[in-house]
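Read the structure below first, then the notes.
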Amino acid sequence: MNTEATSAATTPTWQIAALWAMVTIPALWGFCETLVKALRLFTG
Amino acid sequence: MAGFFDKSNTVAKPGFNRWMVPPAALCIHLCIGQVYAFSVFKIPLTQVIGVTESANGDWSQATLAWIFSLAIAALGLAAAFGGQWLERVGPRKAMALAAACFGGGFIISAFGVWTHQIWLIYLGYGVIGGIGLGIGYISPVSTLIKWFPDRPGLATGMAIMGFGGGAMIGSPLATSLMAFFSGPESVGVGSTFVAMGIIYFVFMMIGALIVRIPAKDWKPEGFDPERDGKRDKMITNHHVHVNQAMKTPQFYFIWLVLFMNVTAGIALLEQASPMAQEMVGTSAAAAAGFVGVLSIFNMAGRFFWASTSDYIGRKMTYVIFFVLGMLLYAAVPTVAASGNIVLFVLACCIIVSMYGGGFATVPAYLRDIFGTMHVGAIHGRLLTAWAAAGVVGPVLLNQLREGRIEAGVAPADAYTTTLYIMVLLLAAGLVSNLLVRPVADKHHYRGDPSNPE
């Protein structure tokens, strides 16, 4: 039976990291844009 | 090439790490969440001919409002009717279709802008793009649940948080692209549509190429469904066919749970800006900032509450939504009357976090009650509650508020009755949630769940 212990050993970590970076970087950009804009409007 | 997209070719080989799947799902949800940011195109689309201001022949706001409405209607229909097809063909083909429809919808809409034919935008972004939204929304859900049977709330919470976060990317992206493409003779919307169509198609296709479904006998290390099933009787180890699920009271109770939660949340979101201005006296700019803060809590709530539900149970999570929601909705008029802006904002933020949390927790709730076999298809049908709430919530709020104002009540006080009615809706949701029980044995699927009819 396939388990995570075997999968972690065979899927390269850099692939997982690259994939997560690909989705988190634009998400963080959008989050920061929204947060800064919201706080500027809300406090200003 | 068609074979590459077949379900049989998406089964993960030994060694595939399941943490590759959430980002694949996020590739889809971060893109389709752009629909919530469609309003950034509204003003530019009213100035396609006039460029600097609306001219004769330019589209009105009322004409443009149909684009979003059509997209949401198509989303609901595609999710409701496409779910069973999705379960049959697998997530990769469904995600690829979603990418083609959503990206293609933008491209068709670009031609609509260039030729100034509104029907092309209705067809492109509204109908075809809306189908992409619906199929895209449900396509990774059942796959994630199958990869994370030990943490289904966490897994679906991540994806559905992406849908909430999609607007945060879509809005500044569209604004930047329109600024880049605009000039003395064009507002740049057509070119922006083309660029966004290509970007979103590529991003969503990456998700489609990466996604895998687990092998038939795969389970995470240390996960024992039998043990978990005995620990919590609300989590079934059986499966229910989507058509059979429609014959169970549980489906309709959960439908009402989602409907009540979304109706109350939408009613607040819809009126957040005027409420802040009229109830606590903020400026219009501060109210816009308040709406931005709410969108962050809407997104964060999706991850927080869905993940929390893995520990406290789905039913208890919705009990918290309804009980805490009732207390907060009831408290908002008093807090606003006291002029305490911080408490007012805090109450609204928690309410909106539970609105987002309701969306993100419901796929795991369905999995607990109906099993994993057709959870994507059942989820698709349940999303009709979202569409219904999208109509009922704002209409109910506006009608009630206008009725109060016509009766001579001050605008700031007109919200009070509405908020108290939301408390009643949440009470109905709580009752519905408490009525959810495990599905009777007669509804369980007797065939091979890995190859259902």
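Chains as they are written, first to last, in the working numbering: chain Y, 1 to 44; chain H, 1001 to 1453.
Glycine included, C-beta positions come from ideal geometry on N, C-alpha and C.
These numbers come from a predicted model, not from an experiment.
What residues from chain Y crowd round residue i, counting only those whose CB sits closer than 8 Å?
i	result
H/Met-1168	Ala-27, Gly-30, Phe-31, Glu-33 and Thr-34
H/Leu-1177	Here the premise fails: no neighbours, minimum Cβ distance about 14 Å.
H/Leu-1030	Val-23, Pro-26 and Ala-27
H/Ile-1210	Leu-19
H/Gly-1165	Ala-27, Gly-30 and Phe-31
Which residue from the options puts its Cα closest to that of residue i?
i	options	result
H/Asn-1261	H/Ile-1169, H/Pro-1044, H/Gly-1057 and H/Gly-1390	H/Gly-1390
H/Tyr-1318	H/Leu-1396, H/Phe-1251, H/Ser-1182 and H/Gly-1358	H/Gly-1358
H/Leu-1430	H/Pro-1449, H/Leu-1075, H/Phe-1322 and H/Cys-1348	H/Phe-1322
H/Leu-1343	H/Ile-1135, H/Ile-1320, H/Asn-1398 and H/Phe-1290	H/Phe-1290
H/Ile-1028	H/Tyr-1252, H/Gly-1222 and H/Ile-1206	H/Ile-1206
H/Ala-1440	H/Ala-1098, H/Thr-1236, H/Arg-1367 and H/Ser-1353	H/Thr-1236
H/Ala-1073	H/Ala-1410, H/Trp-1386 and H/Met-1161	H/Trp-1386
H/Phe-1041	H/Gly-1076, H/Leu-1133, H/Ile-1145 and H/Ser-1171	H/Ser-1171
H/Val-1132	H/Phe-1148, H/Leu-1120 and H/Gly-1103	The displayed chain sequence assigns Gly, not Val, to residue 1132 of chain H. Of H/Phe-1148, H/Leu-1120 and H/Gly-1103, the residue nearest in Cα terms is H/Gly-1103.
H/Phe-1201	H/Ile-1341, H/Asp-1413 and H/Ala-1096	H/Ala-1096
H/Val-1436	H/Gln-1250, H/Asp-1448 and H/Ala-1208	H/Gln-1250
H/Met-1204	H/Ile-1135, H/Leu-1426, H/Gly-1057 and H/Ala-1288	H/Ile-1135
H/Ala-1267	H/Leu-1400, H/Phe-1297, H/Val-1409 and H/Gly-1313	H/Leu-1400
H/Tyr-1122	H/Ala-1079, H/Ala-1099 and H/Leu-1070	H/Leu-1070
H/Gln-1034	H/Ala-1079, H/Ile-1043, H/Gly-1050 and H/Gly-1165	H/Gly-1165
H/Ile-1421	H/Ala-1024, H/Ile-1254 and H/Arg-1404	H/Arg-1404
Y/Leu-28	H/Ile-1296, H/Cys-1101, H/Ala-1410 and H/Pro-1152	H/Ile-1296
When we look at the beta-carbon of residue i and count the other beta-carbons within 10 Å, is it buried (16 or more) or exposed?
i	result
H/Asn-1017	buried
H/Lys-1442	exposed
H/Met-1275	buried
H/Met-1020	buried
H/Met-1246	exposed
H/Leu-1424	exposed
H/Pro-1214	buried
H/Gly-1339	exposed
H/Ala-1407	exposed
Y/Ser-7	Here the model assigns Y/Ser-7 a pLDDT of 45, short of 50, so the residue's position is not dependable and the matter cannot be decided.
H/Thr-1372	buried
H/Glu-1087	buried
Y/Met-1	Reliability fails at Y/Met-1, whose pLDDT of 45 lies under 50, so the model's placement of it is uncertain and the value that follows must be treated cautiously. Exposed, since its Cβ has fewer than 16 Cβ neighbours within 10 Å.
Y/Thr-13	exposed
H/Lys-1146	buried
H/Gln-1061	exposed
Y/Ile-25	exposed
H/Phe-1038	buried
H/Arg-1446	exposed
H/Asp-1310	buried
H/Lys-1093	buried
Y/Gln-15	exposed
H/Gly-1082	buried
H/Leu-1258	buried
H/Asp-1217	exposed
H/Pro-1438	exposed
Y/Leu-39	exposed
H/Trp-1059	buried
Y/Cys-32	exposed
Taking residue i as the query, report the chain Y residues whose CB atoms sit under 7 Å from its CB, ordered along the chain.
i	result
H/Leu-1343	Near H/Leu-1343 there are no residues of chain Y at all, since even the closest Cβ is about 15 Å away, more than 7 Å.
H/Trp-1019	Ile-16
H/Gly-1393	Those within 7 Å of H/Gly-1393 in chain Y number zero; the least Cβ separation is about 23 Å.
H/Pro-1521	Because chain H is modelled from 1001 through 1453, residue 1521 of chain H falls outside the range shown and cannot be assessed.
Closer than 7 Å by beta-carbon distance: list the chain H residues that pair up with residue i, in chain order.
i	result
Y/Trp-20	Pro-1023
Please list the partners that residue i has in chain Y, where partner means a Cβ-to-Cβ separation under 9 Å.
i	result
H/Cys-1101	Chain Y residues near H/Cys-1101: none, gap ~21 Å exceeds 9 Å.
H/Cys-1027	Leu-19, Met-22 and Val-23
H/Pro-1449	The premise fails here: H/Pro-1449 is roughly 17 Å from chain Y at the closest Cβ pair, so nothing lies under 9 Å.
Residues of the region 1269-1295 of chain H with Cβ closer than 7 Å to any Cβ of chain Y, in chain order: If the cut-off is 7 Å between Cβ atoms, the region 1269-1295 of chain H has Ala-1285, Ala-1286, Ala-1288, Gly-1289, Phe-1290, Gly-1292, Val-1293 and Ser-1295 near chain Y.
Give me the subset of the region 1413-1430 of chain H whose CB atoms are less than 7 Å from a CB atom of chain Y, sorted by chain position. Cβ contacts with chain Y come from no residue of the region 1413-1430 of chain H.
In chain order, each beta strand (DSSP E) run of at least 3 residues that lies wholly inside the region 1138-1185 of chain H: Counting only runs of 3 or more, we get nothing.
Ignoring anything shorter than 4 residues or poking outside the region 1082-1127 of chain H, list the alpha helix (DSSP H) runs there in chain order. If only complete runs of 4 or more residues are kept, the region 1082-1127 of chain H shows the alpha helix (DSSP H) at 1091-1115 and 1118-1121, in order along the chain.
Using a Cβ-Cβ cut-off of less than 9 Å, list which residues of the region 1308-1333 of chain H approach chain Y; keep chain order. Within the region 1308-1333 of chain H, no residue has its Cβ closer than 9 Å to any Cβ of chain Y.
Please give the ranges of any alpha helix (DSSP H) in the region 1334-1370 of chain H, keeping only runs that are unbroken, at least 4 residues long and fully inside the region. The alpha helix (DSSP H) runs of length 4 or more contained entirely in the region 1334-1370 of chain H are, from start to end of the chain, 1341-1370.
Every unbroken alpha helix (DSSP H) within the region 1226-1267 of chain H, with a cutoff of 4 residues, ordered by chain: Listed in chain order, the alpha helix (DSSP H) runs fully inside the region 1226-1267 of chain H are 1242-1245, counting runs of at least 4 residues.
Please specify which runs of the alpha helix (DSSP H), each continuous and at least 4 residues long, are wholly inside the region 1370-1401 of chain H, giving them in chain order. Given a length threshold of 4 residues, each whole run of the alpha helix (DSSP H) inside the region 1370-1401 of chain H is given here in chain order: 1375-1382.
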